[in-house]
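Trainee:
2 protein chains.
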Amino acid sequence: MKIGLFGFGTVGKGVFDILEERPGMDVKYVLDLRPLPEVTTAIVTKDLNQILSDPEVDTVVELIGGMHPAYEFVTASLKAGKNVVTANKLMVSMHYAELISLAKEMGVSLRFSAAAGGGIPWLVNLQRAHRASRLESVFGIMNGTTNYILDSMDTLDKDFDEALAEAQRLGFAEADPSSDIDGLDTRHKTTLSANIAFGVALEDDKVDAFGIRTVKKADLDCAKEKGYMLKLIGKACRVGAAGDKVAAWVEPTLVPLDTPQGNIHGCDNIIAFEGSHIGKTHFIGAGAGRYPTGYAVVQDVVDIFCGNAGLYNEEMALMPVANEMECHKYYLRTDFTEDPFFAALEKTPWGNGFEVTSSVRDMHDFAARAKVAGKEIFFAGHLAF
Amino acid sequence: MKIGLFGFGTVGKGVFDILEERPGMDVKYVLDLRPLPEVTTAIVTKDLNQILSDPEVDTVVELIGGMHPAYEFVTASLKAGKNVVTANKLMVSMHYAELISLAKEMGVSLRFSAAAGGGIPWLVNLQRAHRASRLESVFGIMNGTTNYILDSMDTLDKDFDEALAEAQRLGFAEADPSSDIDGLDTRHKTTLSANIAFGVALEDDKVDAFGIRTVKKADLDCAKEKGYMLKLIGKACRVGAAGDKVAAWVEPTLVPLDTPQGNIHGCDNIIAFEGSHIGKTHFIGAGAGRYPTGYAVVQDVVDIFCGNAGLYNEEMALMPVANEMECHKYYLRTDFTEDPFFAALEKTPWGNGFEVTSSVRDMHDFAARAKVAGKEIFFAGHLAF
Chain X
24 MKIGLFGFGT VGKGVFDILE ERPGMDVKYV LDLRPLPEVT TAIVTKDLNQ ILSDPEVDTV
84 VELIGGMHPA YEFVTASLKA GKNVVTANKL MVSMHYAELI SLAKEMGVSL RFSAAAGGGI
144 PWLVNLQRAH RASRLESVFG IMNGTTNYIL DSMDTLDKDF DEALAEAQRL GFAEADPSSD
204 IDGLDTRHKT TLSANIAFGV ALEDDKVDAF GIRTVKKADL DCAKEKGYML KLIGKACRVG
264 AAGDKVAAWV EPTLVPLDTP QGNIHGCDNI IAFEGSHIGK THFIGAGAGR YPTGYAVVQD
324 VVDIFCGNAG LYNEEMALMP VANEMECHKY YLRTDFTEDP FFAALEKTPW GNGFEVTSSV
384 RDMHDFAARA KVAGKEIFFA GHLAF
Chain D
24 MKIGLFGFGT VGKGVFDILE ERPGMDVKYV LDLRPLPEVT TAIVTKDLNQ ILSDPEVDTV
84 VELIGGMHPA YEFVTASLKA GKNVVTANKL MVSMHYAELI SLAKEMGVSL RFSAAAGGGI
144 PWLVNLQRAH RASRLESVFG IMNGTTNYIL DSMDTLDKDF DEALAEAQRL GFAEADPSSD
204 IDGLDTRHKT TLSANIAFGV ALEDDKVDAF GIRTVKKADL DCAKEKGYML KLIGKACRVG
264 AAGDKVAAWV EPTLVPLDTP QGNIHGCDNI IAFEGSHIGK THFIGAGAGR YPTGYAVVQD
324 VVDIFCGNAG LYNEEMALMP VANEMECHKY YLRTDFTEDP FFAALEKTPW GNGFEVTSSV
384 RDMHDFAARA KVAGKEIFFA GHLAF
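In the order they appear, the protein sequences are chains X and D.
All letters in the first sequence, in the order written, are residues 24 to 408 by this note's numbering.
All letters in the second sequence, in the order written, are residues 24 to 408 by this note's numbering.
(1) Locate the beta strand (DSSP E) running through TYR52(D), then write down its first and last residues.
(2) Looking at the C-beta of HIS118(X), does it have a partner C-beta in chain D at a distance below 8 Å?
(3) Listed in chain order, which residues of the region 153 to 180 of chain D have Cβ atoms closer than 8 Å to some Cβ of chain X?
(4) Quick one: does TYR318(D) have its CB under 8 Å from some CB of chain X?
(5) State the DSSP-derived secondary structure class of ALA138(X), mapped to helix, strand or coil.
(6) Nearest by alpha-carbon distance to ASP291(X): which of GLU297(X), THR276(X), ILE301(X), GLY312(X) is it?
(7) Between the region 262 to 274 of chain D and the region 385 to 404 of chain D, do three or more beta carbon pairs fall short of 8 Å?
(8) Assign MET165(X) to one of three DSSP states: helix, strand, or coil.
(9) In terms of alpha-carbon separation, which member of THR282(D), PRO315(D), THR304(D) lies closest to PHE408(D)?
(10) Quick check on HIS305(X): buried or exposed, where buried means 16 or more other Cβ atoms within 10 Å of its Cβ?
(11) Helix, strand or coil: which one does DSSP assign to MET114(X)?
(12) So what does DSSP say about ALA196(X), is it helix, strand or coil?
(13) Using the C-alpha atoms, what's the distance from MET386(X) back to LYS127(X)?
(14) Pop quiz: MET252(X) and GLY285(X) are said to be a contact at Cβ under 8 Å. What is the actual Cβ separation, rounded to whole angstroms?
(15) When you compare the CB positions of LEU122(D) and VAL97(D), do they come within less than 8 Å of one another, or not?
(16) Quick one: list the residues of chain D neighbouring ASN148(X), beta-carbon separation under 8 Å, in chain order.
(17) If contact means a Cβ-Cβ distance below 9 Å, which residues of the region 290 to 305 of chain D contact chain X?
(18) Under three-state DSSP, which class holds THR68(X)?
(19) Per DSSP, what are the beta-bridge partners of GLU85(X) in this structure?
(20) Using a Cβ cut-off of 7 Å, pull out every chain X residue sitting near THR282(D), in sequence order please.
(21) So does the region 34 to 43 of chain D actually touch the region 315 to 335 of chain D, counting three or more Cβ pairs closer than 8 Å?
(22) Show which residues of chain X have a CB atom less than 8 Å away from the CB atom of PRO315(D).
(23) Within 8 Å of any Cβ in chain B, is that where the Cβ of VAL321(D) sits?
(24) I think LYS69(X) touches LEU56(X), with their Cβ atoms under 8 Å apart; what is that distance to the nearest whole Å?
(25) Taking all protein chains shown into account, decide if ASP227(D) is buried (16 or more other Cβ within 10 angstroms of its Cβ) or exposed.
(26) Quick one: residues in its chain with C-beta nearer than 6 Å to the C-beta of TYR119(D), no 5 flanking neighbours on either side, listed in chain order?
(27) Using DSSP's beta-bridge definition, name the partner residues of GLU361(X).
(28) Taking Cβ-Cβ distances shorter than 7 Å, what residues in chain X pair up with ARG151(D)?
(29) To which residues of the same chain is GLU61(D) closer than 6 Å at the C-beta, ignoring the five residues directly before and after it?
(30) Could you tell me the alpha carbon to alpha carbon distance between ASP242(D) and LEU146(X), rounded to whole angstroms?
(31) Hey, would you say ASN72(X) sits closer than 8 Å to ASP231(X), going by beta carbons?
(32) Hey, LYS352(D) and THR380(D) are a contact pair by Cβ (cut 8 Å); roughly how many whole angstroms apart?
(33) Kindly list the residues whose CB is nearer than 7 Å to the CB of HIS211(X), restricted to its own chain and excluding five residues on each side of it in sequence; keep chain order.
(34) In this structure, does DSSP put LEU368(D) in helix, strand or coil?
(35) CYS350(X) by DSSP, collapsed to three states: which one?
(36) For the candidate residues ILE287(D), VAL38(D), ILE74(D), whose alpha-carbon lies nearest to that of THR178(D)?
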């Protein structure tokens with residue numbers, strides 16, 4: 024098996040290291056704009072076509088990240104009849120149906136286990152579970168950066184800004200942390216999980232996402248006093264009488280202290296599915312990092328090498344995100360009291376705000392209006408765990 | 024695919040129900056000594072040979088349980104060239120090398136995912152993990168009955184006898200609970216996990232096991248005061264400078280309250296592996312029950328149906344259990360103070376007993392002598408989590 028590796032950053036280097044230990048899986052090319060004198064066992068090139076036109080290369084591993092040029096490179100690779108392994112959650116969640124269809128048409132594998140769960144064998148277990156069980160929901164802490172921030176706000180008694188700065192200093196948060204703290208990273212992972220669990224192709228940007236940018240230490244304190252931790256949770260579930268619609272969202276969530284979810288520390292992730300026959304099955308592990316993510320990428324390569332690497336789910340029904348059909352309780356703290364939605368809510372005092380009940384769609388729309396109006400808002404879903 | 028199902032008890036009925044929903048996987052025979060008028064879509068027979076001599080049957084599912092006649096039936100089935108799926112942890116852990124060798128020789132699959140972890144996809148994930156990572160340890164709460172008992176002693180403030188009786192009344196413990204509460208069930212699961220993780224074939228009865236029969240509410244209380252829960256943990260790990268030996272044991276263990284392990288309730292299980300590249304990956308779910316266990320059995324059947332069901336691990340090095348090489352701290356409460364081992368221990372007062380350091384082998388041998396001498400003893404390992 025000859026491999027073309029696109030990108031030699033944190034994860035790319037990790038994959039390269041792990042594959043060097045493995046006989047039979049040779050990285051023949053590394054595609055990178057920089058010269059890489061440390062790479063002595065592979066051809067370093069800036070020329071995509073050199074790799075795609077080499078008939079010896081059967082599989083490419085895309086670890087450039089971001090949308091461009093990763094999307095163009097992956098599309099060209101699939102069209103050239105190469106199997107593709109990628110960790111690119113942005114690209115795969117935004118172009119899911121298109122990329123899966125192209126892989127199907129070309130008769131090649133497209134695998135992206137590392138795109139959700141990092142080192143946790145999450146998507147492959149989802150794939151395996153839906154063979155024998157009707158899955159009802161997927162949910163969990165899917166982003167290590169936000170978990171690190173919330174955990175250190177709690178255990179080290181820090182404010183949000185302080186905890187974020189510390190996470191950046193330690194390399195757990197990026198210089199521009201928006202994708203993590205605004206819940207976009209979790210949104211992509213939730214979309215991919217829903218797509219595989221339910222055999223759908225959700226529009227990623229229709230999945231409501233509200234992050235932790237506006238959380239205060241006082242919110243955590245009042246949650247804790249009532250027996251909860253605050254965690255950023257992505258969830259997707261069947262809704263409607265026949266369970267044939269899907270709701271999917273990302274929001275800070277009240278998690279009971281005496282659950283596994285309430286006791287996930289540092290950058291760890293926990294993700295679960297619930298299905299017929301099996302109840303809830305949870306997976307905990309490193310959600311990111313050079314070697315955990317690299318390991319997940321290599322597992323996809325091994326699956327292709329072993330010849331048992333079909334698609335995660337053959338079905339991909341296009342359907343709207345039905346967040347108007349999912350209602351639950353919320354903790355809501357806001358000064359956007361003039362909005363008609365707020366006025367109409369039945370409100371019970373709770374901590375520094377209120378407990379209210381709303382559809383996911385309405386609550387997230389309200390938050391968007393509050394943001395536009397320059398008002399303060401923080402909310403947290405209150406789910407059964 | 025035509026299936027012969029051996030046994031129609033709790034799990035057998037569950038497997039039958041789940042397979043009835045699936046096209047392409049037909050239960051042709053049910054082997055049971057009782058007439059089963061409720062079975063209308065399969066042939067009910069008492070005659071093993073009727074099934075084994077039917078060339079249409081390619082796979083048998085053994086759910087009789089216990090050693091005999093399950094062992095004879097499985098051996099005969101493998102010799103007849105049938106794939107075998109079983110949930111029988113006793114049989115597979117005691118005859119591991121022999122059964123795997125026979126399956127290899129006959130070129131058939133022998134799968135036993137349900138034998139450890141119940142509905143948790145544990146052994147298949149171990150198999151997958153060791154492809155890409157050197158595994159260093161496996162550990163966890165692998166028995167739902169003992170977790171239920173310890174959890175209700177804690178949350179409902181019960182004594183051991185009371186909690187056991189309640190578990191029996193609710194069907195979570197058997198009339199003879201010895202295998203669960205003395206740690207034998209966990210021992211079989213630990214052996215199987217170690218065998219697959221490390222490519223070995225341990226002698227199951229050399230894995231030291233000490234259960235929860237002698238635990239008192241006061242032990243839980245003192246642990247809790249110091250920030251721990253008591254859980255029955257099975258663990259196996261590499262030991263020795265080169266990591267080429269394996270230690271494996273089952274014992275009550277002090278688990279920090281702020282970990283996922285410390286927050287597993289009811290009959291749930293949590294099992295983890297730790298490996299190079301990936302750190303710790305944990306799996307939580309239903310460790311037993313008709314449908315969770317049935318689901319795991321059906322997953323094995325689907326793996327065989329899909330044609331990608333090799334052995335969990337091709338290697339099975341015979342090696343002794345090196346429990347003399349694993350030392351850790353223990354909480355020890357005993358009145359067997361005249362034993363030379365006890366006298367020689369360096370003891371720090373801890374709760375209702377002492378904190379001491381011992382090899383696993385020495386501590387378990389001491390407990391065995393205490394039992395023979397009719398003395399009181401309870402101990403709990405103190406591991407890093």
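By construction, the Cβ of each residue, glycine as well, lies at the ideal position given by its N, Cα and C atoms.
Mentor: Per the coordinate set shown:
(1) 49 to 54
(2) no
(3) ARG154, ALA155, SER156
(4) yes
(5) helix
(6) GLY312(X)
(7) yes
(8) coil
(9) THR282(D)
(10) buried
(11) helix
(12) coil
(13) 38 Å
(14) 5 Å
(15) yes
(16) PRO144, ASN148
(17) ASP291, ILE293, ALA295, GLY298, SER299, HIS300, ILE301, GLY302, LYS303, THR304, HIS305
(18) strand
(19) PHE29(X), THR109(X)
(20) ASN286
(21) yes
(22) HIS300, ILE301, GLY302
(23) Absent from the structure is chain B; the protein chains it does hold are X and D.
(24) 6 Å
(25) buried
(26) ASN218, ALA224
(27) According to DSSP, which records beta bridges pairwise, GLU361(X) is partnered with nothing at all.
(28) PRO144, GLN322
(29) none
(30) 41 Å
(31) no
(32) 5 Å
(33) LYS112, LEU113, SER116, ASP227
(34) coil
(35) strand
(36) ILE287(D)
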